[in-house]
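Our numbering runs 32 ahead of the 1-based position in the sequence shown. Glycine residues also receive a C-beta, built at the ideal position from the N, C-alpha and C atoms. I have placed the structure first, in the form of structure tokens, so that the comments after it can refer back to it.
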Amino acid sequence: MIELMDHQKGPAEKLRSGNLLRGGVGSGKSIVALWKYTQDCLGDLIVITTAKKRDSLEWQKDALGFGIFESREHSHYGTITVDSWNNIGKYEDVESCTFIFDEQRLVGYGAWVKSFLKIVRKKDKTKENQWFLLSGTPGDTWLDYAPLFIANGYYRNITDFKEQHVIYAAYSKFPKVEGYRNIKKLEAIQRAVTVEMPYNHHTERHNEMVEVLFDEVEFKDIARRRWNPYTDAPCKDFAELFRVLRRVAT
33 MIELMDHQKG PAEKLRSGNL LRGGVGSGKS IVALWKYTQD CLGDLIVITT
83 AKKRDSLEWQ KDALGFGIFE SREHSHYGTI TVDSWNNIGK YEDVESCTFI
133 FDEQRLVGYG AWVKSFLKIV RKKDKTKENQ WFLLSGTPGD TWLDYAPLFI
183 ANGYYRNITD FKEQHVIYAA YSKFPKVEGY RNIKKLEAIQ RAVTVEMPYN
233 HHTERHNEMV EVLFDEVEFK DIARRRWNPY TDAPCKDFAE LFRVLRRVAT
């Protein structure tokens with residue numbers, strides 16, 4: 033069994049279904065989420081992540097340390113399934129399982145968000161799924177948090193959220209967000225559903241300046257004449273000119 037690091041223990045104890053676990057790259061969000069699953073062990077484990085992380089098998093490798101396998105005969109808990117956000121619609125009808133939404137992409141109100149809400153909000157409370165969101169950058173605006181707040185029951189739907197908080201520009205030809213009202217309520221909800229996991233890397237940056245010699249005469253001649261010596265033709269635009277100058281300088 034993998035042991036949690038000191039900075040992971042507090043967030044792991046605080047983490048509850050419906051929470052957003054927020055931590056930087058390398059903080060070990062996946063380890064904390066897997067540990068939490070082994071404590072509650074609700075059904076099988078389904079991880080929704082990026083296609084790149086799905087194909088790299090990162091989640092399966094981390095799960096091995098907790099005795100979680102893809103095959104039921106080997107797993108000490110439920111089985112683990114790892115899929116990409118593009119396939120989230122396949123899991124809308126899954127019940128009584130645990131979902132981990134990694135590198136969450138729940139911005140706006142498109143197909144992914146609609147599928148997500150169907151997964152986490154079941155009419156039959158006895159068949160609800162346990163779920164967690166993992167992200168280092170959960171949102172830039174309050175509208176980005178709307179799906180998470182709706183999923184936790186603070187708002188009925190996106191329309192309810194907008195009516196309570198979004199201020200639109202008065203004379204715009206299209207809906208343009210000008211600001212938000214009732215900010216204190218939004219901040220209180222954000223604190224209630226977010227578990228922070230700060231992590232200070234014990235590394236120091238050491239800068240070393242290396243002087244690189246190059247043909248200064250040729251560099252200045254190309255800049256003056258705008259001529260590409262590699263194709264023996266004039267540079268078509270500034271982009272090509274800078275590519276040539278960079279090539280000469282390196």
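The alpha helix (DSSP H) that contains residue i, what's its start and end?
i    : result
S103 : Neither: S103 is in no alpha helix (DSSP H) and is coded neither H nor E.
L273 : F270 to A281
L77  : Not the alpha helix (DSSP H): L77 falls in the beta strand (DSSP E), residues L77 to T81.
K61  : K61 to D72
D253 : E248 to R257
V152 : A143 to V152
D94  : E90 to L96
Sort the options by Cα distance to residue i and report the nearest one.
i    : options                   : result
Q71  : N119, A44, V242 and I132  : A44
K93  : D76, I80, R137 and V114   : V114
I63  : L36, C73, L77 and W144    : L36
V227 : D156, L149 and S167       : S167
E195 : L175, Y203 and L245       : L175
N118 : V225, G142 and E102       : G142
A281 : T263, P261 and V244       : V244
F164 : A65, G140, R223 and K268  : A65
V225 : G185, D192, P266 and S204 : G185
G110 : C73, I215, A202 and F98   : C73
I78  : Y262, H108 and S116       : S116
T82  : E248, K252, G58 and I120  : I120
I221 : K205, K252 and I182       : I182
R366 : C267, Y262, F246 and T263 : Look at the range of the chain in this structure, 33 to 282, and you will see that residue 366 is not part of it.
So what's residue i in DSSP terms, helix, strand or just coil?
i    : result
T111 : coil
S116 : strand
V227 : strand
P43  : helix
P179 : helix
Where do the N-terminal and C-terminal ends of the beta strand (DSSP E) with residue i fall, by residue?
i    : result
W163 : Q162 to S167
F131 : T130 to D134
L52  : L52 to R54
Quick check: is the beta carbon of residue i nearer than 7 Å to any beta carbon in chain E?
i    : result
R256 : Absent here is chain E; the protein component of the structure consists of one chain.
Under the assumption that residue i contacts residue j (Cβ atoms under 8 Å), give the Cβ distance between them as a whole number of angstroms.
i    : j    : result
I254 : L218 : Actually they are not in contact, since the Cβ atoms of I254 and L218 sit about 54 Å apart, beyond 8 Å.
S147 : G75  : Actually they are not in contact, since the Cβ atoms of S147 and G75 sit about 18 Å apart, beyond 8 Å.
L149 : L52  : No, L149 and L52 are not in contact; Cβ-Cβ is about 15 Å, not under 8 Å.
F131 : I100 : That belief does not hold up - the Cβ atoms of F131 and I100 are roughly 14 Å apart, past 8 Å.
R213 : H197 : 6 Å
G55  : Y177 : Not really, about 17 Å apart at Cβ, beyond 8 Å.
R137 : W144 : 6 Å
K68  : L96  : Going by Cβ atoms, the distance from K68 to L96 rounds to 17 Å, so no, they are not a contact pair.
Y200 : F193 : That belief does not hold up - the Cβ atoms of Y200 and F193 are roughly 13 Å apart, past 8 Å.
Complete alpha helix (DSSP H) runs within the segment 184-224 (minimum length 4 residues, chain order) = 190-197
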